[in-house]
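All residue numbers for the sequence shown refer to the working numbering, where the first residue is 3 and numbers rise by one. Before any comments, here is the structure.
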Amino acid sequence: MGSIVLDNIQYAYGEYRGLDGVSASINAGASVAVIGPNGSGKSTLLKIINGLLVPSGGTYTFDGERIDGRFLKDAKRAKRFHQRIGFVFQNSDTQLFSPTVYEEIAFGPRQMGLSDDEVHKRVLDCLSLLAIDRLKHREPHHLSEGEKKKVAIAAVLSLNPEVLVLDEPMDGLDPKTKGAVREVLITLNRSGKCIIGATHEFDYVKGVFSRALVLSGEHTVVREGNFETIVRNRAFLRRHNIL
Ligand SMILES: Nc1ncnc2c1ncn2[C@@H]1O[C@H](COP(=O)(O)OP(=O)(O)O)[C@@H](O)[C@H]1O
Ligand SMILES: [Mg+2]
């Protein structure tokens, strides 16, 4: 079930390095924070995990299957993979495109070919989990940042993925919304979903992550371990320009 193994992953944007030899293992059901200074490669790593970018070197294995350019070009297998692992973009506008919140959340399950009843049930469940029922007839692009983030999370969850990947999920949210998103992430992890998130808001994600993967300015892993232990080590965080 959904374990992730990254072995010596390299990624280059033309002449610019994105990742330089990243290795990590993430078990099914884990909760892992990806930490590092700006430009260390957090977003690049999350996009590779989600199959949005293909590594230029090294191997990525999801549930025993190698995820590479060939795998992702196989439409049927790629579709199944994208259903099992969901991505919440840092900027919600990148992923919201439907005329209403209801349609936004229904889109994924409809694509999966679920019956109208099942789609409707999933939409209601996700609206309720994110406490956004009152927004269902609204146009996603007219909502506040916090509301958009909740809709984006709901739209990914309606596919019922095993792994939820979030890039800076607290970015641009007010404290109350950060608290609400935090509660949802904790609930989801308790229900067995793997949560992987890039973050620098250590206080606001308290209780969400049990592990942390730390990337350095050299785009590689400098530490992997218990989340609380790592974020309490201020000297270490300062040394790596994270604080
Ligand atoms: N589209 C791009 N073109 C060129 N360089 C990029 C692009 N996206 C990211 N990079 C570079 O790759 C490195 C890692 O970026 P990123 O993964 O966005 O880091 P982070 O999310 O940790 O801030 C940075 O040095 C960044 O400048
Ligand atoms: Mg980033």
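Cβ coordinates follow ideal geometry from the N, Cα and C atoms, glycine included.
Within 8 Å, strictly: CB atoms of residue i and residue j
i	j	result
G60	Q12	yes
G248	E141	No statement about residue 248 is possible, as the shown extent of the chain runs from 3 to 245 and does not include it.
V36	I188	no
F91	A14	no
M3	D65	yes
P171	R86	no
G219	P39	yes
I107	A77	no
V223	V216	yes
A182	A133	yes
G88	L166	yes
L47	V24	yes
Beta-bridge partners of residue i, as assigned by DSSP
i	result
C128	For C128, which the question treats as bridged, DSSP gives no partner whatsoever.
Q12	D22 and G59
Backbone secondary structure at residue i - three-state DSSP
i	result
Y104	helix
E203	coil
F73	helix
I134	coil
N235	coil
F250	This structure does not reach residue 250, given that the chain is present from 3 up to 245, and the question cannot be answered.
N191	helix
I244	coil
L166	strand
CA-to-CA distance, residue j to residue i, given in whole angstroms
i	j	result
T63	G53	11 Å
F2	L239	An answer regarding residue 2 cannot be provided, because it is not within the stretch 3 to 245 covered by the chain.
A214	T201	10 Å
C128	Y104	10 Å
R241	H221	15 Å
Q97	L145	14 Å
N243	S45	17 Å
S160	A80	18 Å
D118	E17	48 Å
R192	R112	27 Å
T179	V125	20 Å
G43	K208	23 Å
R82	I51	14 Å
P101	V121	17 Å
N93	K151	8 Å
V254	F211	In the structure displayed, the chain extends from 3 to 245; residue 254 sits before or after that span and is not available.
N10	D176	37 Å
I28	V186	21 Å
K123	K138	14 Å
L21	D169	16 Å
K75	V158	21 Å
E226	N235	13 Å
L245	G41	14 Å
**Report entry** Meets three-Cβ-pair contact criterion under 8 Å: the stretch 71 to 86 and the stretch 27 to 43
**Finding:** no
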